[in-house]
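Scroll down for the structure; my scribbles are underneath it.
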Amino acid sequence: MTEWREQKLSDFMDFNPYTPLSKGIIAKKVTMEKLIPFNRKIQGYEDAVFSGGTKFKNGDTLVARITPCLENGKTAYVDFLNDEEVAFGSTEFIVLRAKEGISDSRFIFYFAISDEFRDTAIQLMSGTSGRQRVDTEALKRKVFTLPPLPEQKAIAEVLSSLDDKIDLLTRQNKTLEDLAQAYFRKWFIEDIHNKICYKRFADVAEFSKGKKPREIIEEQRKGYVRQILIDTFDTDKEYYTRPEGMIISTETDILMVMDGASSGRVEIGFSGVVGSTIGMFRPKSDFKYPMFLYEFLKSNEEFIMDNTTGSAIPHADKKLIFELEIPYFQEEKIQEFENFALVLFNKRQNNRRQIRTLTKLRDTLLPKLISGEIRVKM
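See the structure below:
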């Protein structure tokens, strides 16, 4: 392979490089929960006093080194800091940094989410069952065939252009979601005065709990339909199962996480077989306003998440949800909101389909570019 050469990873990039940050300083902190599998963007941070952990700056790549986060693909590219600002995070991150004149920071991120790198790191995990970690020193010594710097930059440019479009559409969907919620709050919470009556949520919605399928596969086959799991909401990763005897949702059905750490989380826009940890709410036949119901539940999402049942494993409290009082007045006003919210919803769904197409294209190109099977013209 012309100009590509074998290199030890420690010669190609820095692992957990020295980055000065004094203890006691308030800095941005990134926890493992802020990394979404195979997603370039870090999903937020908090300001906290630094007392220990990994340290990083813009251009670094964060890779989870502990099971199951590594296997799940938790990797991110740091790009939210000011120039020379230092942040910190979980001790379970490996920080990867480009070497000047040798490696490109964006290429390192894409290399880190490639199967070639990930499979090697996973094979180097050790420790007790359930708490295995990558042997970073052994990983540093591994040899890979890697492209020269100009080709690294060209590869990263191709993949980044797809991720940039995905990021744009994702931000646009967040704006549309916030707009619908703002209008709901204004029309049905802030401006209601005394002209309103209430109905119990149980009076306008019905509930079905998802079931555990006998089989889940990752490639679509005849007779199989999409399986909706909690991971589906964040990664849009596709799983499939047979639909017979299962709970099937449409795009306008409201889904809620019922079991686990994210119990109470509310989503819409996913059609398929509902997984066993997810519940489905659907308007009753005499109340045909799914967008209105979704925004109502979304406005109560934090309250529901803060009032789960169970100790070791949280569960959304279905009784509490059904006792919620839903604002109900001037049905023409509800219909007006439904029409408005439906326009925003349809735009979000169109964006989501574009995101899925771009993600599949990126995921198809990535291993071929990283391995050199496809070469980029420069």
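Going by the working numbering, the letters in the sequence shown line up with residues 36 to 413, in that order. Quick reminder that beta carbons are idealized off the backbone N, C-alpha and C, glycines included.
Where the alpha helix (DSSP H) through F331 begins and ends: As a position in the sequence shown, residue 331 is number 296, starting the count at 1. Run containing F331: P325 to S334, per the alpha helix (DSSP H) assignment.
Three or more C-beta pairs below 8 Å linking the segment 240-247 and the segment 302-319: yes
Whole-angstrom C-beta distance between P52 and I227, which should lie under 8 Å: To locate residue 227, count along the sequence shown from 1; it is residue 192. To locate residue 52, count along the sequence shown from 1; it is residue 17. Going by Cβ atoms, the distance from I227 to P52 rounds to 56 Å, so no, they are not a contact pair.
Opening and closing residue of the alpha helix (DSSP H) in which D49 lies: Start at 1 with the first residue of the sequence shown, and residue 49 comes out as number 14. Counting along the chain, D49 falls outside any alpha helix (DSSP H), though it belongs to the beta strand (DSSP E) covering M48 to F50.
3 or more residues per run - each beta strand (DSSP E) lying fully within the segment 40-125: 40-43, 48-50, 61-65, 81-84, 89-91, 96-99, 110-112 and 122-124
Contact check, I263 vs F305, beta carbons under 8 Å: On the sequence shown, position 228 is the one that residue 263 refers to. On the sequence shown, position 270 is the one that residue 305 refers to. Cβ distance < 8 Å, so I263 and F305 count as in contact.
Whole-Å CB distance - L105 paired with F128, under 8 Å assumed: In the sequence shown, counting from the first residue as 1, residue 105 sits at position 70. In the sequence shown, counting from the first residue as 1, residue 128 sits at position 93. About 10 Å; that fails the 8 Å criterion.
Other residues of its chain near E360: CB distance less than 6 Å, five sequence neighbours each side excluded: Walking along the sequence shown from the start, residue 360 turns up at place 325. Result list for E360: Y233, in chain order.
Alpha-carbon spacing of T276 relative to W222, whole angstroms: Here residue 276 corresponds to residue number 241 of the sequence shown, with the count starting at 1. Here residue 222 corresponds to residue number 187 of the sequence shown, with the count starting at 1. About 41 Å.
Contact under 8 Å by Cβ, L115 with I148: Looking up residue 115 in the sequence shown gives position 80. Looking up residue 148 in the sequence shown gives position 113. It is worth fixing the name first, because residue 115 is Phe in this sequence and not Leu. No; because the gap between Cβ atoms is not below 8 Å, this pair is not in contact.
Identity of the residue in K257, N386, K368 and P72 nearest T210 by Cα: Counting from one through the sequence shown, the residue named residue 210 turns up at place 175. Closest option to T210, Cα to Cα, is N386.
Spatially closest choice to D352 from T267, G299 and V130, by CA coordinates: Against the sequence shown, residue 352 aligns to sequence position 317. Closest option to D352, Cα to Cα, is G299.
D199 to E254 span [Cα, whole Å]: As a position in the sequence shown, residue 199 is number 164, starting the count at 1. As a position in the sequence shown, residue 254 is number 219, starting the count at 1. Near 27 Å, if we compare the C-alpha coordinates of E254 and D199.
Q389 beta carbon near the ligand FMN (any heavy atom closer than 7 Å): With respect to the ligand FMN, the structure shown offers nothing to examine, as it has no ligands at all.
Host beta strand (DSSP E) of F223 (start-end): Against the sequence shown, residue 223 aligns to sequence position 188. First-last for F223: undefined, no H or E at that position.
Straight-line gap, G124 to G88 (C-alpha atoms, nearest Å): In the sequence shown, residue 124 corresponds to position 89, counting from 1. In the sequence shown, residue 88 corresponds to position 53, counting from 1. Between G124 and G88, the C-alpha separation is close to 6 Å.
Inter-residue spacing [alpha-carbon to alpha-carbon] between D341 and M293: By one-based count along the sequence shown, residue 341 stands at place 306. By one-based count along the sequence shown, residue 293 stands at place 258. Distance between the alpha carbons of D341 and M293: 13 Å.
Collapsed DSSP secondary structure at E38 in the structure displayed: Here residue 38 refers to the residue found at position 3 when the sequence shown is read from its first residue. In this structure, E38 counts as coil in the three-state DSSP scheme.
Euclidean distance between Cα positions of A122 and K63: Position 87 of the sequence shown, counting from 1, holds the residue named residue 122. Position 28 of the sequence shown, counting from 1, holds the residue named residue 63. About 5 Å.
Spatially closest choice to E81 from S346, E68, E302 and E330, by CA coordinates: Within the sequence shown, residue 81 is the residue found at index 46, counting from 1. Here the closest residue by C-alpha is E68.
Spatially closest choice to A156 from R168, V378, A296 and L355, by CA coordinates: If you number the sequence shown from 1, residue 156 lands on position 121. That would be R168, whose Cα lies nearest to the Cα of A156.
As assigned by DSSP and simplified to three states, the class of V411: Start at 1 with the first residue of the sequence shown, and residue 411 comes out as number 376. V411 falls in the coil class under three-state DSSP.
Reference G245; option with closest CA among P103, I289 and D202: Here residue 245 is taken as the residue at index 210 of the sequence shown, counted from 1. Looking at the Cα atoms, I289 is the closest of the given residues.
Sub-8 Å separation of F91 and T54 beta-carbons: Taking the sequence shown and counting its residues from 1, one reaches residue 91 at position 56. Taking the sequence shown and counting its residues from 1, one reaches residue 54 at position 19. Cβ distance < 8 Å, so F91 and T54 count as in contact.
Terminal residues of the alpha helix (DSSP H) in which Y259 lies: The count along the sequence shown starts at 1 and reaches residue 259 at position 224. Per DSSP, Y259 belongs to no alpha helix (DSSP H) and is neither H nor E.
Cβ pair R132, D170 closer than 8 Å: Numbered from its first residue, the sequence shown carries residue 132 at position 97. Numbered from its first residue, the sequence shown carries residue 170 at position 135. Taking 8 Å as the Cβ cut-off, R132 and D170 do not qualify as a contacting pair.
From A347, F327 and G280, residue whose alpha carbon lies closest to that of A296: The sequence position of residue 296 within the sequence shown is 261, counting from 1. The shortest Cα separation from A296 among A347, F327 and G280 belongs to A347.
Of the residues T180, K58, M413 and R256, the one placed nearest E41, counting alpha carbons only: Position 6 of the sequence shown holds residue 41. Here the closest residue by C-alpha is T180.
Which of helix, strand or coil DSSP assigns to D321: Walking along the sequence shown from the start, residue 321 turns up at place 286. D321 falls in the coil class under three-state DSSP.
Extent of the continuous alpha helix (DSSP H) run through I356: Numbered from its first residue, the sequence shown carries residue 356 at position 321. K353 to F357 is the span of the alpha helix (DSSP H), which, as asked, contains I356.
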